[in-house]
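Note that the sequence shown covers residues 470 to 1171 in the working numbering. Take a look at the structure below.
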Amino acid sequence: MKNELDLKELKEMHDSGFNNNIITRERAADDMVFYWITQWDDLMLAESELAYRGEFNILRKAGRQIMADLRANPVQLNFDAKDPEREDGADLIDGLYLSQDRINTTQEAYDNADMEAVVCGVGAYEYYTEYESNNAGDEKQIVRCRPVYEANDNCFWDPNAKRLDKSDAMFASILTMYSEEGYIGLAMDLKGYDRKEAEASMNSFSDPEQSYAFPWASGKNEGVYVVSFYHRTRVKDTILHMTDSNGEPFSMRQSDLSEVEDEMIDAGYEVVGQKKIERWQVIKYVASGSEILSADVVAGEFIPVVPVYGERAHVEGEEHYEGVTRLAKDPQRLRNFQMSYLADMVSRSPRPKPIFNAEQVQGFEQMYEENGADNAYPYYLTNRLAADGTPLAPGPALMPEQQVPQSLMISMQESREAVNDVANAGLPNDIMDTDLSGKAVQQLQQRLDQQSIVYQENRKHARRRGGEIFASMATVVYDSPRQVTVTKPDGTRAKSQVMETVQDKETGDIVMLNDITNLEFDVYADIGPSYSSKREQTIEQLEKMSLNAATLGDGAMAKMLMLKQTTLVDGVAFDDIRDYARKELLLMGVTPPDTPEEEEMLQQQAQQQQQPDPMMVAAMAEQGKADAAIQKNQIAMAKVQSDAMIQEQQKQIDSFKAQTDRFKVQVDAQVAGANIDYTKAKAMGEKIENISRGANSYRAIM
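This is how it looks when you write it as structure tokens:
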């Protein structure tokens, strides 16, 4: 293996990280014990003569408040592919990261690191790879996250690393304690030893730092410490540019080719070019104090350990960090001492009692011997005269009560305020108004968040670094086609195919989707309210908008808003209703499909609209038959009506014809009469004309 370290070099590098800021780690170890274990068993109050030592812890409330603020304002990551043509890879990384974010070990890793950062100033968690299902013999790996417990004592960094996220570190080491049996099992697993060989190799790599103020808490040396040492170096490599059997271009590192070379040659891949490069390589060593148990190359190019800081600074070349405990320890100690002193006064001081002469109570001693509930006398008796008849002094004197020093009461108030000054212990009493409006409460919460803003910002840097590490490891691990489960920002889960091949509808070329190999990402982090808080606000807004739409009479909009609101509601046995609402939104065209199954459903819906359902066709045929029968009856009735109308019209025609015939006879008679009259008139005219000619002839003769 290139650039492999031996055990001596590994120990020297570990020691340089161990000795770099040892004083800071010792103080942080004190803070952890002070916050979680005890506030008394240190050297500062060891000589106190108090009989009672109580803890009146107001520091714990401050720590809870800050950790509650962190949980209420989660960090949200966004992956952006540097290659703009491969945005589908960014969507896949988003879904994979959110899926691993929901695993129990991941949540525990985040919570443990945040807690340690708040309490002592630093925490950490570690990314690693494991097989998806060992029981089934599955060789597919996945990326996971696990806690680094007591990172202040067990995690050591390259002293040259100055950045907040340690991205400039060349090495990091993590100590893990095993019991003797645990170590034997580890050595047998990693080295293949038998039990005797494993026992012979048992030797602690190193002892972690421990509290110097609480020496009783040093029971850490009862086990065997093993180191996980990450070493990051630059190595030379070659990028091979290849083509597959279809001529599609493909690139691969030569160092990765040896494992799949035969398969790629059989598949028809050919090398068409190459390029020399330098890249980062991380090797993880697991070592005891006597030997290196394993050395393996880690997926990705980053050390997979993420530090989470509380408050941090570099002073005189060394890194210093602290949490909420550091500045609150002195006022908290003072308050414990004052309250314990006050309790001591109460427990040790005598109670006020009357003072009598013996002669005054002689014979009534039993009345003064009863205490508490046994003393049922309404009053006590005393002697007025002594035995010799001498008058006794009337009435008893009283022993004075123990006075509480005024300075104690003042300093107790000051000590509480001193703790509040450096660690806001929660909501002040003067603003606990139950009638505050929602906006006022939000503004108030923003004011209280200022106490934890430094922790929130440093945690944001840690989450962003974790996203970079995850993406770098995922591009190596998810290097072959497989089905994975991805999580969406709204918390819903879906199946997705890594390296899915599809045909481009426009060009007809075969393209590969969800391919993240050799892909680099920019990771962005934002702090905001949790999705559950935003979801509740969205549900309220949708409800108001739905009511407004219904009031305005827009039923379609009201239905759409109501369905959207239903998809956001959680409840027992509510999945079927939520799925129905999403399906309706898909069919309405409001929500785009996210999975191949949803796309197929929409295609089937479109086909059903183009090709009517057979039952519908049969129903339409029956309807057609019914319509035809009705139409036939209507035609028959129309024919009957038409025949009746024809008969009626024929009667009218015949009547009109008869009348016309009568009119014709009358006309013919009138014509005949006219002809006779005409003939008579004509004859008369000719006669007159003849007479006229005879008269003219007579005049001529005369």
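Think of the CB as a built atom: it goes at the ideal place given N, C-alpha and C, for glycine as much as any other residue. Being a predicted model, the structure only gives us computed values, none of them experimental.
Residue i classed as buried or exposed, judged by whether at least 16 other C-beta atoms fall within 10 angstroms
i: Val1038; result: exposed
i: Asp948; result: buried
i: Met942; result: buried
i: Ser757; result: buried
i: Ser763; result: exposed
i: Trp685; result: Below a pLDDT of 50, predicted positions are generally treated as unreliable, and Trp685, at 49, falls in that range; the measurement from the model is reported next regardless. Trp685 should be labelled exposed.
i: Glu1068; result: exposed
i: Leu1016; result: exposed
i: Lys631; result: exposed
i: Ala768; result: buried
i: Asp765; result: exposed
i: Glu1243; result: In this structure the chain extends from 470 to 1171, so residue 1243 is not present and cannot be described.
i: Leu546; result: buried
i: Pro958; result: exposed
i: Ala1075; result: exposed
i: Leu854; result: exposed
i: Leu1030; result: buried
i: Val617; result: buried
i: Glu478; result: exposed
Cutoff 6 Å; reference residue i; Cβ partners in own chain excluding five residues on either side
i: Tyr738; result: Met711, Asp713
i: Lys480; result: none
i: Ser673; result: Val693, Tyr694, Gly758
i: Tyr566; result: Phe939
i: Phe771; result: Ile938, Ser941
i: Tyr652; result: Met671, Val693
Helix, strand or coil at residue i [DSSP, three-state]
i: Thr702; result: strand
i: Tyr594; result: strand
i: Glu599; result: strand
i: Glu524; result: coil
i: Leu1011; result: helix
i: Arg529; result: helix
i: Ile491; result: helix
i: Met639; result: coil
i: Glu585; result: helix
i: Lys964; result: strand
i: Asp570; result: helix
i: Asp813; result: helix
i: Tyr662; result: coil
i: Ser648; result: coil
i: Lys745; result: strand
i: Lys477; result: helix
i: Tyr618; result: coil
i: Thr970; result: strand
i: Phe674; result: coil
i: Lys753; result: strand
i: Tyr837; result: helix
i: Ser517; result: coil
i: Val774; result: strand
Other residues of its chain near residue i: CB distance less than 7 Å, five sequence neighbours each side excluded
i: Ala1050; result: Leu1032, Thr1035, Thr1036
i: Leu982; result: Asp557, Glu969, Val971
i: Ile708; result: Ser720, Arg722, Gln743, Lys744, Ile746
i: Ala656; result: Tyr662, Ala667, Ser670, Leu762
i: Ala1042; result: none
i: Pro628; result: Ser485, Gly486, Asn489
i: Gly532; result: Tyr504, Val587, Val588, Val793
Neighbourhood of residue i by C-beta, 8 Å cutoff - its chain only, sequence neighbours within 5 removed
i: Gln831; result: Asn852, Ala856
i: Leu659; result: Val755, Leu762, Ser763
Closer than 8 Å: residue i CB and nearest the ligand NAD heavy atom
i: Gly564; result: Here there are no bound small molecules, and the ligand NAD is not part of this structure.
Cβ-Cβ separation, residue j to residue i (assumed contact under 8 Å), whole Å
i: Glu595; j: Ile643; result: 7 Å
i: Val955; j: Gly564; result: 3 Å
i: Ala586; j: Gly792; result: 6 Å
i: Asp1063; j: Ala963; result: 6 Å
i: Asn826; j: Leu861; result: 7 Å
i: Asp583; j: Gly590; result: 12 Å between Cβ atoms; not a contact.
i: Asn805; j: Phe503; result: Rounded, the Cβ-Cβ distance is 11 Å, inconsistent with contact.
i: His483; j: Ser675; result: 6 Å
Minimum C-alpha distance to residue i - residue among the options
i: Arg615; options: Val775, Met1070, Asp995; result: Val775
i: Ala638; options: Glu780, Arg934, Ala1027; result: Arg934
i: Trp509; options: Lys929, Leu803, Ala497, Ala586; result: Leu803
i: Glu926; options: Ala994, Arg496, Ala497; result: Ala994
i: Met814; options: Gln1119, Asn489, Arg522, Leu474; result: Arg522
i: Arg951; options: Glu650, Leu561, Thr859, Tyr837; result: Leu561
i: Leu519; options: Ala812, Leu988, Lys1101, Arg496; result: Ala812
Short CB-CB distance (under 9 Å) between residue i and chain C
i: Ser697; result: Among the chains in the structure shown there is no chain C, since it carries only a single protein chain.
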